[in-house]
Amino acid sequence: MKDPTPPIEQTRWSVEQVAALFERPFNDLLFQAQAVHRRHFDPNAVQISTLLSIKTGGCPEDCGYCSQSAHHKTGLQREALLSRERVLEAAGRARQAGATRFCMGAAWRGPNASDLQQVVELVKGVRELGMETCVTLGMLRPGQAELLKEAGLDYYNHNLDTARDFYGAIVTTHQYQDRLDTLERVRKAGIKVCCGGIVGMGESRLHRAALIAELAGLDPQPESVPINLLVPIAGTPLAQTEALDSIEFVRTIAVARIAMPASVVRLSAGRTTMPEAVQALCFLAGANSIFYGERLLTTGNPSTDSDRALFDRLGLHALTPGPSAAPAGEAR
395 MKDPTPPIEQ TRWSVEQVAA LFERPFNDLL FQAQAVHRRH FDPNAVQIST
445 LLSIKTGGCP EDCGYCSQSA HHKTGLQREA LLSRERVLEA AGRARQAGAT
495 RFCMGAAWRG PNASDLQQVV ELVKGVRELG METCVTLGML RPGQAELLKE
545 AGLDYYNHNL DTARDFYGAI VTTHQYQDRL DTLERVRKAG IKVCCGGIVG
595 MGESRLHRAA LIAELAGLDP QPESVPINLL VPIAGTPLAQ TEALDSIEFV
645 RTIAVARIAM PASVVRLSAG RTTMPEAVQA LCFLAGANSI FYGERLLTTG
695 NPSTDSDRAL FDRLGLHALT PGPSAAPAGE AR
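In our numbering, the protein residues as written are 395 to 726.
Laid out in structure tokens, this is it:
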């Protein structure tokens with residue numbers, strides 16, 4: 395029988411081909427992933443981002459994993475959009491701690507005109523600090539991505555979350571195509587795409603393969619691919635979901651690296667429950683970005699001290715910002 399796995403550098407993958415990667419012996423899979431990684435990246439450099447919730451809770455969507463959904467009773471306190479001063483203060487602390495990208499998330503179905511204008515000013519302010527900018531604001535309407543581009547936004551995050559045929563088990567208030575439409579608007583506006591998913595939501599291995607095939611099939615592929623491990627939150631429909639096997643998670647990182655060779659693969663949510671040895675395997679498998687700081691949107695994250703210690707033990711170093719993120723007045 396012919397091996398369904400395409401050449402390492404092929405970037406168009408069927409679900410069957412991605413599924414075949416998952417079935418490879420673990421050592422062989424990691425060897426292939428590391429070989430791909432080294433062809434495109436410094437194997438010991440990690441891009442550092444910090445994520446801040448700038449508007450928390452009350453989201454009308456019913457995403458089954460999310461503490462911020464108005465449909466779920468999680469005890470989360472709603473917060474209005476943070477002031478420009480508070481956001482820029484947080485961005486300044488993140489930059490001082492070593493983050494090169496500042497990501498801002500708002501719990502909206504999508505921003506209205508007034509909301510978007512306030513975010514535009516936040517983007518401008520963060521860029522003046524010399525950091526790359528990323529926002530996740532939900533679904534965008536025509537013309538909104540262009541306004542963010544004019545403000546200097548570098549990345550827009552909008553995850554596909556899971557496979558098409560599993561999506562209805564996780565979200566019912568919008569369709570998979572709605573997410574793809576937003577990604578298309580972002581790409582057409584000339585903004586880089588940050589798009590990944592969440593694993594450990596009760597999906598099958600084939601669903602994970604289908605998600606990666608979908609991400610790899612975006613044209614062009616996302617510049618940044620966050621792979622999140624579900625953080626079960628009391629009060630959400632997925633609170634009692636069985637934990638995903640750690641080796642299966644590492645396999646997912648490796649398969650994402652092989653299928654999207656030039657994308658930055660981010661080891662995202664779920665690191666607080668992940669032993670450091672598993673994180674080390676994820677870096678070996680091709681992960682080269684993390685969120686830095688003790689909190690993500692509403693969930694915990696390893697401390698900056700523990701991340702620095704892990705980097706030192708593994709011989710990893712933080713990636714320095716590119717010229718596009720230079721502060722105003724500095725060389726670009």
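For glycine and all other residues, C-beta sits at the position ideal for the given N, C-alpha and C.
Starting from residue i, trace the beta strand (DSSP E) in both directions and tell me its first and last residue.
i, result
"S618", "618 to 623"
"R573", "Note, R573: premise wrong, no beta strand (DSSP E); alpha helix (DSSP H) at 570 to 582."
"F496", "495 to 500"
"T666", "Counting along the chain, T666 falls outside any beta strand (DSSP E), and DSSP gives it neither H nor E."
"S683", "683 to 685"
"L446", "439 to 449"
"V658", "658 to 661"
"G591", "591 to 593"
Please list, in chain order, all residues of the same chain as residue i whose beta carbon is under 6 Å from its beta carbon, the five residues on each side excluded.
i, result
"A722", "Residue placement at A722 is flagged as unreliable, the pLDDT there being 35, under the threshold of 50; the coordinate-derived value follows with that caveat. These residues qualify, in order along the chain: E522."
"P631", "G458"
"R579", "L534, A539"
"E369", "The first residue shown for the chain is 395 and the last is 726, placing residue 369 beyond what the model contains."
"R406", "none"
"K396", "Confidence at K396 is low in this model, with a pLDDT of 46, below 50, so its placement is unreliable and no value can be given for it."
"A484", "L446"
"P400", "Any reading at P400 needs caution, since the residue's pLDDT is 46, under 50, leaving its predicted position unreliable; the model's value is listed next. Correct list, in chain order: Q411."
Hey, out of the options, whose CA is closest to residue i's CA?
i, options, result
"A439", "N695, S683, Q490", "S683"
"A679", "E479, D548, I652, A485", "I652"
"Q512", "A488, L623, F677, L476", "L476"
"T666", "R433, V625, A507, L541", "V625"
"L542", "G524, K582, Q571, R433", "K582"
"Q661", "L638, R418, Q441", "Here residue 661 turns out to be Leu, not Gln, going by the sequence shown. Selected option, being the one with the closest Cα: Q441."
"N506", "P536, S463, I606", "P536"
"G469", "M668, A637, L609, A628", "A628"
"A648", "Q490, D422, R702", "D422"
"A557", "M595, E670, A633", "M595"
"L445", "D699, L713, Y686", "Y686"
"D456", "Y550, A563, R433", "A563"
"P620", "V672, Q569, L675, L554", "L554"
"G524", "R487, H552, R503, T635", "R487"
"T714", "C453, R489, P454, N695", "R489"
"H568", "R418, F425, V659, W502", "W502"
"G504", "G452, C497, E608", "G452"
"L623", "M668, Q634, Q471, D701", "M668"
"A681", "T635, R702, S700, V658", "V658"
Return the chain-ordered list of same chain residues with a C-beta closer than 7 Å to the C-beta of residue i, the five sequence neighbours on each side being excluded.
i, result
"F560", "E597, H601"
"A603", "V409, V412, A413, F416"
"R707", "none"
"L424", "A648, L678, A679"
Let's test the definition: count the other Cβ atoms within 10 Å of the Cβ of residue i and tell me whether it reaches 16, buried, or not, exposed.
i, result
"T566", "exposed"
"D548", "buried"
"K449", "buried"
"I641", "exposed"
"E724", "Residue placement at E724 cannot be trusted, given a pLDDT of 34 that sits under 50; the coordinates are not used to answer."
"R573", "buried"
"G709", "exposed"
"H711", "exposed"
"S718", "Because the pLDDT of S718 is 41, which lies under 50, any placement of that residue in the model is unreliable, and the number read from its coordinates should be weighed accordingly. So S718 ends up on the exposed side."
"R726", "Residue placement at R726 is flagged as unreliable, the pLDDT there being 28, under the threshold of 50; the coordinate-derived value follows with that caveat. Counting Cβ neighbours within 10 Å, R726 comes out exposed, since fewer than 16 surround it."
"G664", "buried"
"D436", "exposed"
"P419", "exposed"
So, for residue i: in the same chain, excluding its five sequence neighbours on each side, which residues have a beta-carbon less than 8 Å away from its beta-carbon?
i, result
"A500", "S447, I448, K449, L475, D509, V513, V529, T530, L531, G532"
"G546", "V517, K518, R521, T527"
"R599", "A413, F416, E642"
"A491", "T444, Y686, G687, T698"
Let's see if you can read the secondary structure: which residues bound the alpha helix (DSSP H) around residue i?
i, result
"K467", "Premise fails: K467 is in no alpha helix (DSSP H) and is neither H nor E."
"L541", "538 to 545"
"Y459", "First-last for Y459: undefined, no H or E at that position."
"E388", "The shown model of the chain, from 395 to 726, leaves out residue 388, and the question about it has no answer."
"E526", "Unbroken run through E526 is the beta strand (DSSP E), 526 to 530; no alpha helix (DSSP H)."
"R558", "558 to 561"
"V587", "Segment 586 to 588 is the beta strand (DSSP E) holding V587; no alpha helix (DSSP H) there."
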